[in-house]
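Undergrad:
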Amino acid sequence: MTGSGKRLSALIFLLLLSAGCTSGGFSTDPTQTPIHRVRSSDGMEMVYVAGGSFVLSEQGSGGPGAHQVTLDSYWIDQTEVTNLQYALCVEAGACRAPTTCAWGDPTYEDEAYQDHPVICVTWQMASAYCAWAGGRLPTEAEWDYAARGPERSRYPWGDRFDETLSNTCDASCPHDGARDPDYDDGYAQTSPVGSYPDGASWCGAMDMSGNVWEWVFDRYATYETVDQENPQGPSGGSERVIRGGSWYDTPDFNRLDHRHPYDPRDYNHLIGLRCVVPDAELEP
149 MTGSGKRLSA LIFLLLLSAG CTSGGFSTDP TQTPIHRVRS SDGMEMVYVA GGSFVLSEQG
209 SGGPGAHQVT LDSYWIDQTE VTNLQYALCV EAGACRAPTT CAWGDPTYED EAYQDHPVIC
269 VTWQMASAYC AWAGGRLPTE AEWDYAARGP ERSRYPWGDR FDETLSNTCD ASCPHDGARD
329 PDYDDGYAQT SPVGSYPDGA SWCGAMDMSG NVWEWVFDRY ATYETVDQEN PQGPSGGSER
389 VIRGGSWYDT PDFNRLDHRH PYDPRDYNHL IGLRCVVPDA ELEP
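Per the numbering used here, the very first residue in the sequence shown carries number 149; after that it's consecutive.
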């Protein structure tokens, strides 16, 4: 079997393995069945986000730059893109392989980390992957709505932090200043994607808080205070936005209303990605 064939076989196995973890309901309506689709290019399971309106702001619903945003419906990756999935794009010649990070080394070639999120990718590398997979990076508004939902919660599961529901800096974490000595999930750094199904967001997206930061499409700037439809972010600015926090961070950094600027040319072992596909662009 070729290298590509082995990777595809492993990917199918991982998808079957994860199916048992994703069959429960994730909607705020317990009678509602979650809607899933599998993307043929990389085997990614996507979850449906029905369009709607919500208040987008920094530091909570009453924070700076509060304004109403209206989004069309879209599909978002249920998990962060894995090393195995990213390697398929590299083999196809559409993606550049990750190299040594400013901090840490990439893990996508390590078979023990096939189901972990890919790291050491720049914004452009993340964009290239999503384009190859048939989507794009989520806008900041799309990412925010999939993570926080209509209720605008601080974490995917609610307003109170729970260390058992996401991969944050605990007793095994090497970051002394952020370490929680009272809990240990067994992961010193990244965890396999989807390891915390009970911490999924209202639409079924997993790992929106913790594990790795995620690139979004938008340039970084203070939010405008005017109502917007399907905003794409500011037209100018040198930095892009990352969202969601990571395994290296404290609960405050992993809050869903925390946003951070980052040079799109840089990369490290804390940043990964997930993609979206607008509903109107997805074939029935």
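We put the beta carbon where it would ideally sit given N, CA and C, even for glycine. For clarity, every value in this text was computed on a predicted model and none was experimentally measured.
Out of curiosity, what's the CA-to-CA distance linking residue 428 and residue 379?
TA: Residue 428 and residue 379: Cα-Cα distance of roughly 17 Å.
Undergrad: Got a sec? Which residues, its chain only, sit under 6 Å from residue 284 by beta carbon, not counting five neighbours each side?
TA: Excluding residues within five positions, the ones whose Cβ falls inside 6 Å are 278.
Undergrad: Using a 10 Å radius around the Cβ and a threshold of 16 neighbouring Cβ atoms, would you call residue 259 buried or exposed?
TA: The residue is exposed, with fewer than 16 neighbouring Cβ atoms inside 10 Å.
Undergrad: What first and last residue would you give for the beta strand (DSSP E) that runs through residue 405?
TA: From DSSP, residue 405 is part of no beta strand (DSSP E); its letter is neither H nor E.
Undergrad: Out of 291, 300, 373, point me to the one whose CA is closest to residue 392's CA.
TA: Closest option to residue 392, Cα to Cα, is 291.
Undergrad: Figure out for me which residue from 268, 200, 310, 362 has the closest Cα to the Cα of residue 398.
TA: Nearest C-alpha to residue 398: 310.
Undergrad: Whose CA, out of 373, 364, 406, 413, lies closest to the CA of residue 386?
TA: Looking at the Cα atoms, 413 is the closest of the given residues.
Undergrad: Alpha carbon to alpha carbon, what distance is there between residue 303 and residue 194?
TA: Answer to the nearest angstrom: the Cα atoms are 20 Å apart.
Undergrad: In chain order, which continuous runs of the beta strand (DSSP E) of length 3 or greater are located wholly inside the stretch 209-253?
TA: Those beta strand (DSSP E) runs which fall completely within the stretch 209-253 and span 3+ residues are 215-219, 222-225.
Undergrad: Whole angstroms are fine: how far does the CA of residue 349 sit from the CA of residue 421?
TA: Going from the Cα of residue 421 to the Cα of residue 349 covers about 17 Å.
Undergrad: Contact between the stretch 399-408 and the stretch 257-272: three or more CB pairs below 8 Å?
TA: Contact fails: fewer than three Cβ-Cβ distances are below 8 Å.
Undergrad: Relative to the C-alpha of residue 375, which candidate in 408, 368, 202 has its C-alpha closest?
TA: Nearest C-alpha to residue 375: 202.
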